[in-house]
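In what follows, a structure is listed as structure tokens, so that the remarks can point back to it.
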Amino acid sequence: MEQPLLSLSGLTKAYPGVVANDDVGFHIGTGEIHALLGENGAGKSTLVKMIYGLVKPDRGEMVLNGSPFAPTKPSMARKSGVAMVFQHFSLFEALNVAENVALGMETPPPMRDLAKQIRDVSEKYGLPLDPDRTVGTLSVGERQRVEIIRCLLQNPKLLIMDEPTSVLTPQEVEVLFKTLNQLRAEGRSILYISHKLEEIRALCDNATILRGGKNVGTCIPAETTAREMAEMMVGSSFATPAAHNRAMGDVALQVSNLSLPAMDDFGTPLREVTLSLRKGEVLGIGGVAGNGQDELLLALSGERLAPAGSIAMNGQDISRIGTLARRKMGLLAAPEERLGHAAAPDMSLIENALLTGADRQNLSPKKIVNWRKARHFAEDVIRKFDVRTPGAHVAARALSGGNLQKFVVGREVLQNPDILIINQPTWGVDAAAAAAIRQALLDLAANGAAILVISQDLDELLEISDNFAALNEGRLSAARKVSDLDMEQIGLMMGGMEGAAA
Amino acid sequence: MDLSSINPILLVASIMVSATPILLAAIGEMVVEKAGVLNLGVEGMMITGAVVGFAIAVNTGTPGLGFVAAACAGAVLSLTFAFLTQYLLSNQVATGLGLTLVGLGLSSLIGKPYEGIKSPTLPKLDIPILSDIPVIGPMLLSHDIMVYFSLALVAAVWAFLKYTRAGLILRAVGESADSAHALGYKVVNVRVMAIMFGGACAGLGGAYLSLVRVPQWTEGMTAGAGWIALAIVVFASWRAGRVAVGAYLFGGITVLQLNLQAAGAQVPVALLSASPYLITILVLVIISAKGAHGAPAALGRAFHASN
Numbered sequence: 121m122e123q124p125l126l127s128l129s130g131l132t133k134a135y136p137g138v139v140a141n142d143d144v145g146f147h148i149g150t151g152e153i154h155a156l157l158g159e160n161g162a163g164k165s166t167l168v169k170m171i172y173g174l175v176k177p178d179r180g181e182m183v184l185n186g187s188p189f190a191p192t193k194p195s196m197a198r199k200s201g202v203a204m205v206f207q208h209f210s211l212f213e214a215l216n217v218a219e220n221v222a223l224g225m226e227t228p229p230p231m232r233d234l235a236k237q238i239r240d241v242s243e244k245y246g247l248p249l250d251p252d253r254t255v256g257t258l259s260v261g262e263r264q265r266v267e268i269i270r271c272l273l274q275n276p277k278l279l280i281m282d283e284p285t286s287v288l289t290p291q292e293v294e295v296l297f298k299t300l301n302q303l304r305a306e307g308r309s310i311l312y313i314s315h316k317l318e319e320i321r322a323l324c325d326n327a328t329i330l331r332g333g334k335n336v337g338t339c340i341p342a343e344t345t346a347r348e349m350a351e352m353m354v355g356s357s358f359a360t361p362a363a364h365n366r367a368m369g370d371v372a373l374q375v376s377n378l379s380l381p382a383m384d385d386f387g388t389p390l391r392e393v394t395l396s397l398r399k400g401e402v403l404g405i406g407g408v409a410g411n412g413q414d415e416l417l418l419a420l421s422g423e424r425l426a427p428a429g430s431i432a433m434n435g436q437d438i439s440r441i442g443t444l445a446r447r448k449m450g451l452l453a454a455p456e457e458r459l460g461h462a463a464a465p466d467m468s469l470i471e472n473a474l475l476t477g478a479d480r481q482n483l484s485p486k487k488i489v490n491w492r493k494a495r496h497f498a499e500d501v502i503r504k505f506d507v508r509t510p511g512a513h514v515a516a517r518a519l520s521g522g523n524l525q526k527f528v529v530g531r532e533v534l535q536n537p538d539i540l541i542i543n544q545p546t547w548g549v550d551a552a553a554a555a556a557i558r559q560a561l562l563d564l565a566a567n568g569a570a571i572l573v574i575s576q577d578l579d580e581l582l583e584i585s586d587n588f589a590a591l592n593e594g595r596l597s598a599a600r601k602v603s604d605l606d607m608e609q610i611g612l613m614m615g616g617m618e619g620a621a622a
Numbered sequence: 275m276d277l278s279s280i281n282p283i284l285l286v287a288s289i290m291v292s293a294t295p296i297l298l299a300a301i302g303e304m305v306v307e308k309a310g311v312l313n314l315g316v317e318g319m320m321i322t323g324a325v326v327g328f329a330i331a332v333n334t335g336t337p338g339l340g341f342v343a344a345a346c347a348g349a350v351l352s353l354t355f356a357f358l359t360q361y362l363l364s365n366q367v368a369t370g371l372g373l374t375l376v377g378l379g380l381s382s383l384i385g386k387p388y389e390g391i392k393s394p395t396l397p398k399l400d401i402p403i404l405s406d407i408p409v410i411g412p413m414l415l416s417h418d419i420m421v422y423f424s425l426a427l428v429a430a431v432w433a434f435l436k437y438t439r440a441g442l443i444l445r446a447v448g449e450s451a452d453s454a455h456a457l458g459y460k461v462v463n464v465r466v467m468a469i470m471f472g473g474a475c476a477g478l479g480g481a482y483l484s485l486v487r488v489p490q491w492t493e494g495m496t497a498g499a500g501w502i503a504l505a506i507v508v509f510a511s512w513r514a515g516r517v518a519v520g521a522y523l524f525g526g527i528t529v530l531q532l533n534l535q536a537a538g539a540q541v542p543v544a545l546l547s548a549s550p551y552l553i554t555i556l557v558l559v560i561i562s563a564k565g566a567h568g569a570p571a572a573l574g575r576a577f578h579a580s581n
């Protein structure tokens with residue numbers, strides 16, 4: 121590597137109360153895939169935002185292709201050849217693919233030419249996409265293609281990708297990696313942010329690790345084990361959840377032929393979902409986002425009532441009773457969306473603890489709120505789940521995503537549910553906290569609770585589940601023992617082709 | 275009831291006149307909502323436009339200047355809304371309602387000396403040949419310039435949103451302000467400009483009421499036209515063409531009920547007078563029940579570039 125494409129040195133950015141980046145520096149060579157690793161809050165997002173011109177560094181400098189580089193807005197970065205694919209896609213659902221692409225370009229050609237260019241690029245890089253489709257109707261994987269093609273049309277020298285594979289099936293990941301390798305072969309560089317260490321080992325040439333806003337080391341991923349990298353990220357070794365040899369009891373939750381129509385144009389209907397969950401069992405449900413995960417959670421938690429006879433708890437039909445009644449019976453649920461679904465954003469943690477815990481923790485005897493007890497319960501959750509917050513009086517909105525997640529999960533776990541339905545338990549949570557949450561779920565199962573975990577994170581599901589099933593277009597595959605599965609079979613289950621795998 | 279007393283030519287001609295103020299206000303509000311901002315102050319900006327336009331027209335003797343002043347007054351008033359909601363992040367619904375109250379109060383203050391005066395009004399166009407075509411001429415082609423201006427504005431807004439890059443950016447801001455910001459667009463600037471356009475349009479609509487349709491100043495003369503304009507935007511599913519249809523439908527029912535009253539229909543007068551509002555509610559209920567409305571996804575949501 122003679123002259124690096126991009127050199128960063130001494131980059132520092134402080135926000136009130138926290139230093140997001142402290143003296144960070146590294147180099148990215150031409151035609152290199154460079155990994156940026158770190159826990160949540162390690163400063164990865166701030167760093168890439170500085171490269172992309174969304175955030176102005178307090179100190180430090182960047183050199184692109186031998187000349188100083190200090191973008192003050194994204195359009196400047198794009199002109200210099202830096203493009204970015206966001207983690208939460210910056211797409212507009214009501215607009216079509218071509219319009220979305222045009223919005224990300226400096227000087228878009230007329231729509232008809234643009235549509236042709238989109239077709240050409242998508243063919244060249246093996247990313248099929250129809251320019252006239254409305255983005256709202258696309259799958260998550262296809263949406264990512266829109267973002268990537270939008271970047272590629274500007275012929276970037278450096279492509280920044282923020283956790284690109286977190287929403288893809290193993291097969292889609294393979295397609296993406298082929299594209300990225302093709303880009304590398306063309307001499308383009310990629311800055312690749314991910315939590316998934318195995319991916320980084322397979323794909324990246326070099327890695328820079330951030331912890332607490334500081335650059336704590338670099339490594340060549342292919343020559344480093346995932347565990348070593350994880351420990352560099354966390355700064356100390358963390359415990360992986362204990363192996364499980366649980367005894368399973370009677371069937372706690374039986375779902376039979378549950379079908380529900382989609383809630384709106386973009387939703388997924390549930391189609392004849394059948395599953396059974398035993399006491400002491402952890403059942404993992406995988407699948408690409410948007411294949412009925414939310415709908416399944418709503419049906420099981422009681423937010424949407426199901427046809428009579430389709431859901432039974434301990435042999436009793438609960439299909440037609442609502443959330444509160446199910447909670448009283450011991451079926452608790454924690455949905456995926458933290459702000460606005462699992463927690464009321466502007467209410468304090470005490471109030472949020474009260475909202476789901478009122479009945480089971482007896483926080484409002486005779487319908488009068490016992491605030492002292494509610495606060496104790498909230499503080500209990502905060503302590504046992506290591507929620508970092510100045511106190512229980514703080515509004516849920518003020519917590520970082522990972523901390524709120526710990527609170528939301530802890531709040532349900534501490535209510536000693538007989539059945540716990542949980543969607544994306546560790547989404548956006550750093551590795552150490554994720555391990556703690558998983559351990560809490562396993563402990564709960566060891567005490568005889570039945571747990572259904574819906575997650576996009578396959579490693580997580582394989583780690584904690586006894587059995588695994590996958591959702592595809594609202595259908596649930598038959599559950600199979602995790603110990604009998606390999607990655608390829610899982611991919612086929614997620615693609616809805618389990619018959620071919622068996 | 276004597277239906278033969280209703281002259282179809284005059285009926286259509288007066289529908290066009292009665293629809294124009296609502297059409298102007300509604301097309302402006304549609305642009306505002308397309309940018310993701312819900313400005314409930316249309317009524318207030320309309321009546322401020324009405325009184326300012328009237329005052330200027332009376333004092334200068336030029337109705338054209340009155341319209342210009344009305345547009346400016348509406349835009350300035352909307353700018354206070356823009357400042358409060360876009361920079362101070364106040365709640366859009368509450369601020370919009372406040373704007374309506376301010377507009378109503380301000381207009382009656384300004385308008386006190388002008389009560390009972392007649393204003394100079396816009397001349398009817400008399401286009402050679404065209405205006406002399408029988409039936410079509412007096413029905414469609416001999417109105418004042420603002421009627422045609424409002425229709426041209428609808429076409430211009432439609433083309434702007436569909437074909438121009440600025441229109442695309444405006445729609446993008448209304449769909450997802452955060453995404454638009456991430457791509458480097460100035461969300462607040464776009465929204466402020468949309469709000470000012472909406473204010474100017476509402477002002478024009480108000481001035482059309484006080485300078486052409488009535489033409490004199492009475493307190494509270496907009497009589498809910500701003501609210502109807504808001505409803506028409508929903509009715510139109512945020513599409514320019516349908517805004518025109520909605521405004522003409524409402525204008526049509528308003529005029530028709532007047533004609534029916536004059537023709538001595540055996541229906542209580544109160545019910546006839548209320549019919550435009552009742553039918554608007556009915557249509558809105560039907561549209562909502564159908565579920566397909568196409569509202570901008572970020573409508574009414576505050577945006578702050580804090581992350």
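Sequence lines, in order, name chains A and B. This note's numbering puts the first residue of the first sequence at 121, with every later residue one more than the last. This note's numbering puts the first residue of the second sequence at 275, with every later residue one more than the last. Ideal Cβ positions, reconstructed from N, Cα and C, are used throughout, including at glycine.
Item to check | Members of the segment 510-536 of chain A near chain B, C-beta cut-off 8 Å | outcome: none
Checklist entry - The alpha helix (DSSP H) spanning Leu378 of chain B covers which residue range? => result Gln366 to Gly385
Checklist entry - When DSSP builds the beta bridges, which residues end up paired with Tyr312 of chain A? => result A:Ala155 and A:Met281
Item to check | Spatially closest choice to Gly593 of chain A from A:Leu416, A:Arg232 and A:Arg503, by CA coordinates | outcome: As written in the sequence, residue 593 of chain A is Glu, which differs from the Gly given in the question. Selected option, being the one with the closest Cα: A:Leu416.
Item to check | Start and end residues, beta strand (DSSP E) containing Ala428 of chain A | outcome: Neither: Ala428 of chain A is in no beta strand (DSSP E) and is coded neither H nor E.
Checklist entry - If you run the structure through DSSP and keep just helix, strand and coil, what is Gln531 of chain B? => result helix
Checklist entry - Along the chain, which unbroken stretches of the alpha helix (DSSP H) at least 4 residues long are found entirely within the segment 170-251 of chain A? => result 194-199, 217-223 and 231-244
Next on the checklist: For a test of the three-state rule: what should DSSP assign to Tyr482 of chain B, helix, strand or coil?
Outcome noted: helix
Next on the checklist: Taking only three categories from DSSP, how would you classify Ser147 of chain A?
Outcome noted: Here residue 147 of chain A turns out to be His, not Ser, going by the sequence shown. If DSSP states are grouped into helix, strand and coil, His147 of chain A belongs with the strands.
Checklist entry - Ala300 of chain B and Tyr522 of chain B: beta carbons closer than 8 Å? => result no
Next on the checklist: So that I know if they touch, is there some Cβ in chain A lying closer than 8 Å to that of Arg487 of chain B?
Outcome noted: no
Checklist entry - Any idea which residues DSSP pairs Gln490 of chain B with across the strands? => result B:Lys392
Checklist entry - With which residues is Cys339 of chain A paired in a DSSP beta bridge? => result A:Ala327
Next on the checklist: Let me see if you follow: with CB-CB separation under 8 Å, is Pro177 of chain A close to chain B or not?
Outcome noted: no
Item to check | Segments assigned alpha helix (DSSP H), at least 4 residues, entirely inside the segment 452-515 of chain A | outcome: 469-477 and 491-504
Item to check | Contact the segment 524-544 of chain B vs the segment 468-485 of chain B: 3+ CB pairs below 8 Å | outcome: no
Checklist entry - Would Leu444 of chain B count as contacting chain A if we go by Cβ distances under 8 Å? => result no
Next on the checklist: For a quick check, are the C-beta atoms of Leu126 of chain A and Met182 of chain A less than 8 Å apart?
Outcome noted: yes
Checklist entry - Of all the alpha helix (DSSP H) runs that stay within the bounds of the segment 561-619 of chain A, which reach a length of 4 or more residues? => result 578-584 and 607-614
Next on the checklist: When you compare the segment 173-191 of chain A with the segment 369-387 of chain A, are there three or more beta-carbon pairs, one atom per stretch, that lie closer than 8 Å?
Outcome noted: no
Next on the checklist: Quick check on Val409 of chain B: buried or exposed, where buried means 16 or more other Cβ atoms within 10 Å of its Cβ?
Outcome noted: exposed
Checklist entry - Is the Cβ of Ser210 of chain A closer than 8 Å to any Cβ of chain B? => result yes
Checklist entry - What does Pro194 of chain A reach in chain B if we use C-beta pairs closer than 7 Å? => result Leu457 and Gly458
Next on the checklist: Does any residue of chain A have a CB that is nearer than 8 Å to the CB of Ser288 of chain B?
Outcome noted: no
Checklist entry - Got a sec, what are the start and stop residues for the alpha helix (DSSP H) Glu307 of chain B sits in? => result Pro282 to Lys308
Checklist entry - Can we count Gly611 of chain A as close to the ligand PLP, meaning its CB is less than 7 Å from some heavy atom? => result The ligand content of the structure shown is nil, which means the ligand PLP is not present either.
Item to check | Coil, strand or helix - Phe358 of chain A by DSSP | outcome: Residue confidence is low: Phe358 of chain A scores 49 on pLDDT, short of 50, so the model does not pin down where it sits. Its coordinate-derived value is still stated next. Three-state result, Phe358 of chain A: coil.
Checklist entry - So is Glu493 of chain B in contact with chain A if we call contact Cβ pairs under 8 Å? => result no
Item to check | Three-state class that DSSP yields for Met121 of chain A in the structure shown | outcome: Bear in mind that the predicted position of Met121 of chain A carries a pLDDT of just 47, short of 50, making it too unreliable to give a figure here.
Next on the checklist: For Asn463 of chain B and Val217 of chain A, what's the separation of their Cα atoms in angstroms?
Outcome noted: 25 Å
Checklist entry - In this structure, what does DSSP give as the bridge partners for Asp334 of chain A? => result In the sequence under discussion, the amino acid at residue 334 of chain A is Lys, which differs from the Asp named in the question. DSSP lists A:Arg331 as partners of Lys334 of chain A.
Item to check | Neighbouring residues, chain A, relative to Glu449 of chain B (Cβ below 7 Å) | outcome: Phe212, Glu213, Ala214 and Leu215
Item to check | Separation of Lys133 of chain A from Val139 of chain A, as counted between CA atoms | outcome: 6 Å
Item to check | Spatial distance of Arg391 of chain A from Met613 of chain A (CA atoms) | outcome: 16 Å
Checklist entry - DSSP on Leu128 of chain A, reduced to helix/strand/coil? => result strand
Checklist entry - Looking at the structure shown, is Thr254 of chain A part of a helix, part of a strand, or coil, going by DSSP? => result strand
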